[in-house]
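Asks: Just so you know, the working numbering puts 585 at position 556 of the sequence shown, and the rest follows in order with no gaps.
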Amino acid sequence: MSGPRAYQLEEAPPRFERKTVYFDRFDVVAVLLLTAVAFVLRFFSPILPDLFVHPTHGPAITNCVSSTPVDPKGDSGTLCGLTYPFNRGYPDANGVLSPSNGQVFDEVYFPVDAYNDVKGMQVCHPTTQGCQYNYFDPEPPLAKLFIAAGEVGYGWWRATFQGASGDYIDLGFNTYGWRIAACIVGTLCIPMMYLLARRLWPNRLFAIAAATLVCFDGMFFIQSRIGMIDIFPIFLILLGYLLYLVHIQSRTARASIISLLALGVVLGLGISSKWIVLAAWASIVFLLIARTVRRNVDIHIGPPERPLWSWGRGEGPTVPGGVPLTSYLGVAAIALALIPIAIYVESWFPFFARGQFHNLQDLINYQVEAFNYHHNLKATHPYGSPWWSWPLLARPVLYYAEYAGLGVDHWTGQPLISRMANLGNPWIWWTSLPCVISLPYFIVRHRSFPATVILIGFITQWLPWSQISRVLFMYHMFGGLIFMILALAFVLTHLAQKLQGRGPEMLVAIHLATAVFFFGYFYPVWTGLPISESAYFIGAGTPPWGPRVRRGGIRDHLLVGPRAQARRAHRVWRGPRCDDRCVGQLRAVVGGAGRDGAHGCLWPRGRRRSRRGRGGQTPL
């Protein structure tokens, strides 16, 4: 798995050198294997939910959770795969169930907006005044249209293969329908990371490490299994950087122009999904300009004859593919400005189609209102977190919680609870931090192009959050996570290459295996797998997926006689470790109402036709 040194500039080599191989049969096998594993984990989870519920009465392996709420009233039933978890909903101050269709966390927003976009185009028309499907959302619409595609697609499946009748969008408006698009795109992030890493540094070990880390990271995993918009811009950021690398490595003028235009299309789609892709756009534009400058300028610090540090001008043509500079500037203006703007405007088509927008001025006013929302929002939230704390995993966000009606742990007799938190894989996140910090060393000491791209990408996706005053949450680190993973894979591969031999590669394998172990350890936290309360709040060293051995665990279960039964009965857990006020707050927040009616705890929730606040979060 050797390749060029990490300090080499990975652009198209001179013509007399052997052409760099970025993808071969081994890569095909690796990509297919990692993609298959990622899809199984994302589509079929939670796996083995009955292991400690009734291990002798059910299948050894299953992806169905029995005895879980399946409707807004909380009736018990069985849910499998992406359909789980289902938030039963709790009554608000007016007795109205909220959410009403099983929505988890921000699924109370984005799938509903996606539904409204489709229904608005079906029911209303451009001259309609006050269409019932109008809404305000400070996020761009394209990612919600991806969710809508999943809803319509699943509705078509039900009508075609299950004999259901009705509108496709109505048939697909359920937990499976609004999660399937995120599942597919989230799975595709794994091969996309592999291709990106392989282009950034043609070293197979680097690509395998990066893709494996994405596959088994908690944030990538959970955002691929929930009807939120975040996974779509992340995929497009990965694709955008891949096309940037393809572009600068172009060998012909035609390949250069085509790749640049494709890059503009992808960046336009990304910005139309979420504004965080503007950071990727700015980074890529900066890197393209810097590349042109480096082709003509020697960078040095100190006297030219004896500089303290220097980075000589790069080899090859000034413009990728040898395109004439004047022609290239014209194509770049079209690709990096006109095309993204055109796609962004076109992405608002549902608003024009239902009469919410009548002209471009309405669109501009909406953008101003969205910007003002982000800029002026003063509402706080007890589970918000500062931007600098995210890499430390200091404040994970709980997406879902259920404390009743899930059954009883077979070994301890304790009632089962379910909690799903957007927690990154601690092994990946924490070991990536020194790797990110080390990137300037590779840039200064080795003039490393991969390290430069990774560091610029990380800075532009993370540091801008420091200037935002509104309440923020840890999942806003998602864009920076791409480059944390790349930094970790880069340093691991560099060490393996520098030390050489089979031993260093084994160390990389051990690191990746440890990441997989952590994934298994925190798997219940990322899937909402029903487990006992004592197993979740770890004591006696037991993993969250196992029984609590030293307190009413397997040993007591194996004992016979009334004395053992009495010991077990004495140790049965009787309820959550909080008073009625705590339970009321948990139900109000997890249920999405945003208000604890009994105690006046107010958090902003309304967004449809109003400004949006963040709610529905509980502490991990």
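All residues carry an ideal CB built from backbone N, CA and C; glycine is no exception. These numbers were taken from a predicted model, which means no experiment stands behind them.
1) In whole angstroms, what is the alpha-carbon distance linking I277 and A538?
2) If I follow the unbroken beta strand (DSSP E) through L445, where does it start and stop?
3) How long is the line joining the alpha carbons of S414 and G350, rounded to whole angstroms?
4) Which runs of the alpha helix (DSSP H), 4 residues or longer, sit entirely within the stretch 509-575?
5) Looking at P455 and F547, is the spacing between their C-beta atoms short of 8 Å?
6) Which runs of the alpha helix (DSSP H), 4 residues or longer, sit entirely within the stretch 223-281?
7) May I ask you to report which of helix, strand or coil DSSP gives L422?
8) Pairs of beta-carbons, one from the stretch 219-231 and one from the stretch 503-522, closer than 8 Å: are there three or more?
9) Indicate the three-state DSSP secondary structure (helix, strand or coil) for N145 in the structure shown.
10) Measuring only the C-alpha atoms, how far is L445 from S561?
11) Inspect the CB distances between the stretch 149-156 and the stretch 367-383 and report whether three or more fall short of 8 Å.
12) If I measure Cβ to Cβ from L588 and keep anything under 7 Å in the same chain, skipping five residues before and after, which residues do I get?
13) Just how far apart, CA to CA, sit A542 and L63?
14) Using 8 Å for Cβ pairs, my map puts C218 next to L267. What's the rounded Cβ distance?
15) Using a Cβ-Cβ cutoff of less than 8 Å, which residues in the same chain neighbour L307 once the five nearest sequence positions on both sides are dropped?
16) Sorry if obvious, but does the Cβ on P353 come closer than 7 Å to a heavy atom of the ligand PLP?
17) Quick check: the Cα distance between L242 and V554, rounded to an integer number of angstroms?
18) So for N654, helix, strand or coil by DSSP?
19) Three or more C-beta pairs under 8 Å: does that hold for the stretch 86-106 against the stretch 315-334?
20) Would the beta-carbon of F235 fall within 8 Å of that of T441?
21) As a quick exercise: from F190, T97, G345, Y113, pick the residue whose alpha carbon is nearest that of R323.
22) Sort out for me which residues DSSP pairs E431 with in a bridge.
23) List the endpoints of the continuous alpha helix (DSSP H) containing C464.
24) Should W458 be labelled buried (16 or more other beta-carbon atoms within 10 Å of its own) or exposed?
25) May I ask you to report which of helix, strand or coil DSSP gives W440?
26) If you draw a straight line from the alpha carbon of F72 to that of L452, how long is it in whole angstroms?
27) Under 8 Å, with one C-beta from each stretch per pair, do the stretch 243-251 and the stretch 279-290 reach the 3-pair mark?
28) In whole angstroms, what separates the C-alpha of T328 from that of K303?
29) Hey, is A564's beta-carbon within less than 8 Å of any beta-carbon in chain C?
30) Report back the beta-carbon spacing between L111 and T204 to the nearest angstrom; my notes put them in contact at under 8 Å.
31) If you draw a straight line from the alpha carbon of F134 to that of V99, how long is it in whole angstroms?
32) Within 8 Å, do at least three Cβ pairs link the stretch 424-439 to the stretch 477-490?
33) Under three-state DSSP, which class holds H29?
34) Name the two residues that bound the continuous beta strand (DSSP E) containing R330.
35) How long is the line joining the alpha carbons of T157 and N325, rounded to whole angstroms?
36) Do the CB positions of L484 and I472 come within less than 8 Å of each other?
Replies: On the basis of the coordinates in this document:
1) 32 Å
2) 445-451
3) 46 Å
4) Complete alpha helix (DSSP H) runs here, min 4: 531-550, 552-556, 562-565.
5) Cβ atoms of F547 and P455: closer than 8 Å.
6) 233-244, 247-252, 260-277
7) coil
8) yes
9) Looking at N145 - three-state DSSP - the assignment turns out to be helix.
10) For L445 and S561, the distance between alpha carbons rounds to 4 Å.
11) Judged by Cβ distances under 8 Å, the stretch 149-156 makes contact with the stretch 367-383, as three or more pairs qualify.
12) In this predicted model, L588 has a pLDDT of only 30, less than 50, meaning its place in the structure is not dependable; the value taken from the coordinates is given anyway. Same-chain partners within the cutoff: there are none.
13) 14 Å
14) 6 Å
15) I300
16) Ligands in the displayed structure: none, and consequently the ligand PLP is not present.
17) 18 Å
18) Shown here, the chain extends from 30 to 649; a query on residue 654 therefore has no answer.
19) no
20) A distance of 8 Å or more separates the beta carbons of F235 and T441.
21) G345
22) S447
23) For C464, the uninterrupted alpha helix (DSSP H) segment begins and ends at 455-475.
24) W458 is buried by the Cβ-count criterion.
25) coil
26) 19 Å
27) The answer is no - the stretch 279-290 does not touch the stretch 243-251, with fewer than three Cβ pairs under 8 Å.
28) Sequence check: residue 328 is Ile here, not Thr. I328 and K303: Cα-Cα distance of roughly 36 Å.
29) Reference to chain C is not applicable here, since this structure consists of a single protein chain.
30) 7 Å
31) 17 Å
32) no
33) Residue coverage of the chain in this structure runs from 30 to 649, which leaves residue 29 outside it and unanswerable.
34) Correcting the residue type first, residue 330 is Ile in the shown sequence and not Arg. The continuous beta strand (DSSP E) containing I330 extends over residues 328-330.
35) One C-alpha to the other measures close to 57 Å.
36) Yes, Cβ-Cβ distance for L484 and I472 is below 8 Å.
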